[in-house]
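Using the working numbering, the first residue of the sequence shown is number 865, and each one after it goes up by one.
Where is the CB? At the ideal position from N, CA and C, for every residue including glycine.
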Amino acid sequence: MTLDCTRLSKIGTLALALAMTPGLATALEESVVAVPSGMPVTFYDALWDASAAIKRFRFLAPQIGGATPRSFDEVAADMQHLCDSFALPQLGGAEVIPSLIVISLMAEPVAHGESAPEIRQYFEAYSPRNGVCVWEAF
């Protein structure tokens, strides 16, 4: 096996430059969101459904899956918190405010709109009213 020392040197230099860049954090570190239960939750993505005026905020929450998953009741307050403390501030400067905010927790990443019965997911819907998220029964 031959090593290309020039290539290794370039890779090493790039890695060092990235490591020394102040304020550079991974997307995962930047997207960690604190919730009342204390479980690790990371922001995954936000999707806008203009035809239905729905904004979806999706979060990874590995502890809702696995061998001893957290129940919906254990994380319901987390979902309310994510709507009030994360989703609403994101809408602050929006030109159009959605009529409904959907918060979803998923144990593993799932493509939006795809069925994945083997992966636990929880969903809640809220209406933004007077600066708070009001729970809406599905």
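To the nearest whole angstrom, what separates the beta carbons of residue 921 and residue 910, a pair I think is in contact under 8 Å?
Looking up residue 921 in the sequence shown gives position 57. Looking up residue 910 in the sequence shown gives position 46. Sure, about 5 Å apart at Cβ, within 8 Å.
Helix or strand or just coil, what does DSSP make of residue 989?
Start at 1 with the first residue of the sequence shown, and residue 989 comes out as number 125. Reduced to three states, the DSSP call for residue 989 is strand.
Identify which residue in 915, 925 and 919 has its Cα closest to the Cα of residue 902.
Residue 902 sits at position 38 when you count from the first residue of the sequence shown. When only C-alpha atoms are compared, the closest one is 925.
Closest to residue 1001 by C-alpha separation, out of 974, 965, 971 and 982, would be which residue?
Position 137 of the sequence shown holds residue 1001. Among 974, 965, 971 and 982, the Cα nearest to that of residue 1001 is on 965.
Which residues share a DSSP beta bridge with residue 918?
One-based indexing of the sequence shown puts residue 918 at position 54. Bridge partners of residue 918: 913 and 964.
Cα separation between residue 937 and residue 914?
Numbered from its first residue, the sequence shown carries residue 937 at position 73. Numbered from its first residue, the sequence shown carries residue 914 at position 50. Rounded to the nearest angstrom, the two C-alpha atoms are 30 Å apart.
Does DSSP classify residue 1000 as helix, strand or coil?
As a position in the sequence shown, residue 1000 is number 136, starting the count at 1. The answer is strand: DSSP assigns residue 1000 an E or B state.
Any idea if residue 945 is buried or exposed, counting beta-carbon neighbours within 10 angstroms, 16 or more meaning buried?
As a position in the sequence shown, residue 945 is number 81, starting the count at 1. That one is buried.
Could you have a look at residue 939 and say whether DSSP puts it in helix, strand or coil?
Counting from one through the sequence shown, the residue named residue 939 turns up at place 75. Of the three classes helix, strand and coil, the one that applies to residue 939 here is helix, per DSSP.
DSSP puts residue 896 in a beta bridge; with which residues?
Taking the first residue of the sequence shown as position 1, residue 896 is located at position 32. Per DSSP, 906.
Determine the extent of the alpha helix (DSSP H) in which residue 953 is found, giving its start and end residues.
As a working mapping, residue 953 is identified with position 89 in the sequence shown. Unbroken alpha helix (DSSP H) run through residue 953: 952 to 955.
Run the CB neighbour count on residue 960, radius 10 Å, all protein chains shown included, and call it buried at 16 or more, exposed below.
Here residue 960 refers to the residue found at position 96 of the sequence shown. Exposed.
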